[in-house]
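Taken in order, these protein sequences are the chains called A and B. Position in the first sequence counted from 1, then plus 5, gives you our numbering. Position in the second sequence counted from 1, then plus 5, gives you our numbering. Every residue, glycine too, gets a C-beta built ideally from N, C-alpha and C. Worksheet: the structure to be examined is printed underneath.
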Amino acid sequence: MDYLSAIQSVMNPMCLLCILLGVAVGMIVGTLPGLTSVMAISLITPLTFKLNPTYGFAMLLGVYNSAIFSGGISAIAINTPGTPASIATTFDGYKISRRGRAGFALGVNTIYSVIGGLLSTIALMVACAPLARLALNFGSPEYFWLALFGLSMMISVSHASLAKGLVTGFVGMLLATVGLDPLLGSKRFVGNNISLMDGIAFIPVMIGLFGVGEMLFQIFEHKKEDDNKKDIVDLKDKERVLPTKEEHKRMTIPGLIGSVIGVLVGIVPGTGGDISALISWDVSKRVSKHPEEFGDGSIEGLATTCASNNASIGGALTTALALGIPGDGNTAVLLGALTMYGMVTGPTLLSNSAPFVCKLYIIMIVANLIILPLGLLSAKACIKLLSIKSQYIQMAVLLICCVGAYSMNRNYTDVIVMFIAGICGFFFRKYDYPLGPMILGLLLGDMCETNLRRTLMLSNGSYLQLFTGPISIGLIVLILLAIGWPFISNLFQKNKNKKVEG
Amino acid sequence: MKKRDFRRILAGAMAGVMMLGLTACGSAGADSASFPSDTVNIVCHSKEGGGSDALSREVAQVLQDKLGWSVTVENKTGGSGSVGMQYVQNSKPDGYTIGTAPVELSMIQALGYADLNPDSVSLLGCGMSWSAALYVPKDAPYETLEDFISYCKENPDVVRVANSGIGSIWHIAACVLADKADISLNHVPYDGATGALTALLGNEVDAAVVGTCEGYSYVDSGDLKCLGVFGEDRSATMPDVPTAKEQGYDINVVCWVGFLAPKDVDEATLATLQDALKTVFETDEYKSFCEARGCDSTYYNAEEFKKMADSDFTYYSELISSLGIVAQ
Chain A
6 MDYLSAIQSV
16 MNPMCLLCIL
26 LGVAVGMIVG
36 TLPGLTSVMA
46 ISLITPLTFK
56 LNPTYGFAML
66 LGVYNSAIFS
76 GGISAIAINT
86 PGTPASIATT
96 FDGYKISRRG
106 RAGFALGVNT
116 IYSVIGGLLS
126 TIALMVACAP
136 LARLALNFGS
146 PEYFWLALFG
156 LSMMISVSHA
166 SLAKGLVTGF
176 VGMLLATVGL
186 DPLLGSKRFV
196 GNNISLMDGI
206 AFIPVMIGLF
216 GVGEMLFQIF
226 EHKKEDDNKK
236 DIVDLKDKER
246 VLPTKEEHKR
256 MTIPGLIGSV
266 IGVLVGIVPG
276 TGGDISALIS
286 WDVSKRVSKH
296 PEEFGDGSIE
306 GLATTCASNN
316 ASIGGALTTA
326 LALGIPGDGN
336 TAVLLGALTM
346 YGMVTGPTLL
356 SNSAPFVCKL
366 YIIMIVANLI
376 ILPLGLLSAK
386 ACIKLLSIKS
396 QYIQMAVLLI
406 CCVGAYSMNR
416 NYTDVIVMFI
426 AGICGFFFRK
436 YDYPLGPMIL
446 GLLLGDMCET
456 NLRRTLMLSN
466 GSYLQLFTGP
476 ISIGLIVLIL
486 LAIGWPFISN
496 LFQKNKNKKV
506 EG
Chain B
6 MKKRDFRRIL
16 AGAMAGVMML
26 GLTACGSAGA
36 DSASFPSDTV
46 NIVCHSKEGG
56 GSDALSREVA
66 QVLQDKLGWS
76 VTVENKTGGS
86 GSVGMQYVQN
96 SKPDGYTIGT
106 APVELSMIQA
116 LGYADLNPDS
126 VSLLGCGMSW
136 SAALYVPKDA
146 PYETLEDFIS
156 YCKENPDVVR
166 VANSGIGSIW
176 HIAACVLADK
186 ADISLNHVPY
196 DGATGALTAL
206 LGNEVDAAVV
216 GTCEGYSYVD
226 SGDLKCLGVF
236 GEDRSATMPD
246 VPTAKEQGYD
256 INVVCWVGFL
266 APKDVDEATL
276 ATLQDALKTV
286 FETDEYKSFC
296 EARGCDSTYY
306 NAEEFKKMAD
316 SDFTYYSELI
326 SSLGIVAQ
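Okay, structure coming up:
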């Protein structure tokens, strides 16, 4: 019954307008690298207090969903993830777009983001309370193994050369140690620069490595890239935004994998769309029939990452609504907004404010449905934008990168960090060192270290603590599988060959 | 353009008054009469999304609505708040740049993070505070602070207490508890109060010391018990929970977020800013903002605020160095 009245109150012009406004703001913020959804939501929150709570929350959820989706737009168009959640989207999305099929890649991004968002909303509606309890089973040992599992993906994201991948990966982990020691509070590699005390800011490094690095590469290696395959694609394909039936068939399973992993990873506090998309990409690669295409413009890889980062929203909301635990900045602001609307967040929210939570589910669905046409329309517009002379695009991207890196924390250290990362990105690209492992190291190094040391602190130094608990064991098995996969699949291959021969 | 010309004329007219022995510099003297004639910038020490960010934006909003000031909020984050506070400290002392003053102002010097203490800035006033509290799981074998302390005495170094990060105010609070009750605890730092509470809900630790406003909803829902509030008075969010003082332990650790300006802002401007903040803190809008967040909106004027910050500074500095809370 709650749902009926919820649908009624959401389906009125004012509320729909609020969602639409939110989605539009989210698209702008999400597309611009450095401007994050957290920033947009916290800027808008005080304004929403003047509206009624439903309208206010409609706007905020619109921003949240649309910012995560549109982070993929810049990942695809200019190789710069608009938000960290779209890092994995650059792996395949940008390659597809360089082949002249930007419209198609943007179309896939829209459709699969919406699918991921809708599936995760369904998960949220059906199993919010029980799923959220999963978050509480995640203690320090589990976080350690999850981080290690993520780090084991260095292997699959360094397609060119494993040795080169490990080099960049460990550089990333080393950079992650800069800042205050998480358990002792002493300074590490900080010197006298207090801006470095919180560690090297992740977003400027990301913008530098991907965006600036790629643009520098295009500028300096101009001649080699001149005959890029843009012309190979005929005009029809260039203009096409919607995938064909066969293409949809190939992307269905990766899309589902991405959604499921997105929800699960989203539930765990402290992890979100960035990690879920990377894991989904890795898993989809392993089960795909065309693993060699991954990292070189695979539509399956694109679909799974797009679905996964949007699916993580439903997961994050699960923990936030059922337990009052914000897993990231976005849900922290959303919970703050809820308290301002007079609701008590925490385990009592679901039962005490059930009608409002129902409205929230409906808003999630509507927001995703609004993203679909807007996204597809913007894809058409993007094709036109990308046909501007590449010199202009390069300059514009460099400018946007600078502004983005500065606006994160409004300090110049970040801009310097971005340029250093950009120059590194350029050389990495030139000598074929993969970026994926480095990002993994930066993203997970700290989580891995802190949780290992915290586990030992909790157990008074006993390593046994790491191997108890079903989730830990499960993750250990996954890690062993991930590392041993090449050998295992080789064995299978041999057996198959034998059978064929026999 | 015209505005600027007008200001120049005004400054000229004031010059005569200056000669009578006012030491304030010309332009500042002219400005203080009409302060604020421009946009006031609030520098927030924490990221978008945190409680202090929400506070800055609320104050900016009320200043705009009630006094017609034009106010912007800018986040400058890092170094436990020292990046933002030092930015304000070093900005032009014309009153147009003010900032948030978190409790870390009384701690970061002792922690060795930055050379900053309550004397390096002018404090304007404080209207948001909340006390520390001790939380344990609902099925824990102790009902009062006394039970907990005697359990810890019987089992030294066994009880694991989660806090919101090394050198954070709740870490200090747990250390004060151990110090005053003469017990030995195993302090485990987590990522913020949320991280500590999540660990306690997941039974990874035996207790957690975080703020009243961060944990009360879990006490309401019955997932956790609160054994004591480390404040002068009981918390409005948990009126049934006695303070540590009522239970015979003089533990008082309060987290506050006030506002500061650079040193050397002239008296008149400073007074305008202080009055403006007082007006904000006394509005119903602001009070309901604090109430919704589970915080105390008691107003401390500039003097009271300075006194509180100073006494915290003295006590925490002593504690941090004697207990060796942070490895150097």
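Who are the neighbours of residue i on chain A, taking C-beta pairs under 9 Å?
| i | result |
| --- | --- |
| B/V88 | I199, S200, M202, D203, N414 and N416 |
To the nearest angstrom, how far is the alpha carbon of residue i from that of residue j?
| i | j | result |
| --- | --- | --- |
| B/S61 | B/V48 | 8 Å |
| B/K230 | B/V210 | 14 Å |
| A/N495 | A/G489 | 10 Å |
| A/M452 | A/F149 | 7 Å |
| B/S57 | B/C300 | 12 Å |
| A/A337 | A/E226 | 44 Å |
| B/S75 | B/P41 | 9 Å |
| A/I370 | A/I212 | 31 Å |
| B/S85 | B/T303 | 24 Å |
| A/M345 | A/A134 | 23 Å |
| B/P123 | B/V258 | 17 Å |
| B/M278 | A/D287 | Checking the displayed sequence, the identity of residue 278 of chain B turns out to be Leu instead of Met. Going by the C-alpha atoms only, they are around 56 Å apart. |
| A/F215 | B/D245 | 55 Å |
| A/P296 | A/V482 | 22 Å |
Can you list the residues of chain B that residue i reaches, using a CB-CB cut of under 7 Å?
| i | result |
| --- | --- |
| A/S145 | E209 |
| A/L25 | Within 7 Å Cβ-Cβ: nothing; A/L25 doesn't reach chain B, min ~23 Å. |
| A/R459 | V193 |
| A/R330 | Note that residue 330 of chain A corresponds to Ile in the displayed sequence, not to Arg. The contacting residues are T199 and T203. |
Per DSSP, what kind of secondary structure is residue i in: helix, strand or coil?
| i | result |
| --- | --- |
| B/D317 | helix |
| A/F361 | helix |
| B/G233 | strand |
| A/M256 | helix |
| B/M133 | strand |
| B/F264 | strand |
| B/G31 | Only weak support is given to the placement of B/G31: the predicted model assigns it a pLDDT of 38, under 50, and the value that follows is read from those uncertain coordinates. The answer is helix: DSSP assigns B/G31 an H, G or I state. |
| B/C49 | strand |
| B/P336 | One cannot answer for residue 336 of chain B here, as it falls past the ends of chain B, which runs 6 to 333. |
| B/Y140 | strand |
| A/A181 | coil |
| B/G253 | coil |
| A/G76 | helix |
| A/T89 | For the record, residue 89 of chain A in the displayed sequence is Pro; it is not Thr. DSSP places A/P89 in helix when its eight states are reduced to three. |
| A/S494 | helix |
Cβ atoms of residue j and residue i: under 8 Å apart, would you say?
| i | j | result |
| --- | --- | --- |
| A/G35 | A/F74 | yes |
| B/G89 | B/F264 | no |
| A/V246 | A/L377 | no |
| A/L188 | B/I177 | no |
| B/Y321 | B/S111 | yes |
| B/A137 | B/V45 | no |
| B/D228 | B/K311 | no |
| A/P38 | A/C406 | yes |
| B/Y195 | B/S155 | no |
| A/L283 | A/A93 | yes |
| B/T204 | B/L139 | Residue identity differs from the one stated: residue 204 of chain B is Ala in this sequence, not Thr. No, Cβ-Cβ distance for B/A204 and B/L139 is not below 8 Å. |
| B/G132 | B/V270 | no |
| A/G320 | A/I388 | no |
| A/L340 | A/T350 | yes |
| A/I78 | A/M64 | no |
Along chain A, in chain order, which residues have C-beta atoms closer than 8 Å to that of residue i?
| i | result |
| --- | --- |
| B/D225 | V349, G351 and T353 |
| B/V331 | L189, G190 and S191 |
| B/D245 | Correct list: empty, because the minimum Cβ distance to chain A is about 16 Å. |
| B/E63 | P51 |
Which chain B residues sit within Cβ distance under 9 Å of residue i?
| i | result |
| --- | --- |
| A/T36 | Simply none; closest approach about 18 Å. |
| A/N142 | G207 |
Using a C-beta to C-beta distance shorter than 8 Å, which residues of chain B count as neighbours of residue i?
| i | result |
| --- | --- |
| A/V246 | Under the 8 Å cutoff, chain B gives no residues; its nearest Cβ is about 34 Å from A/V246. |
| A/P18 | Within chain B, no residue comes near A/P18; the closest Cβ sits about 27 Å away, beyond 8 Å. |
| A/T59 | Simply none; closest approach about 17 Å. |
**Prompt:** Fully enclosed by the segment 56–99 of chain B, which alpha helix (DSSP H) runs are 4 residues long or longer?
**Reply:** Those alpha helix (DSSP H) runs which fall completely within the segment 56–99 of chain B and span 4+ residues are 56–72 and 87–94.
**Asked** Curious, which full-length alpha helix (DSSP H) runs of at least 4 residues does the segment 104–160 of chain A contain?
**Response** List check, alpha helix (DSSP H) in window: 107–141 and 145–157.
**Item:** alpha helix (DSSP H) runs wholly inside the segment 263–326 of chain A, at least 4 long, in chain order
**Value:** Taken in chain order, the whole alpha helix (DSSP H) runs of length 4 or more contained in the segment 263–326 of chain A are 278–292.
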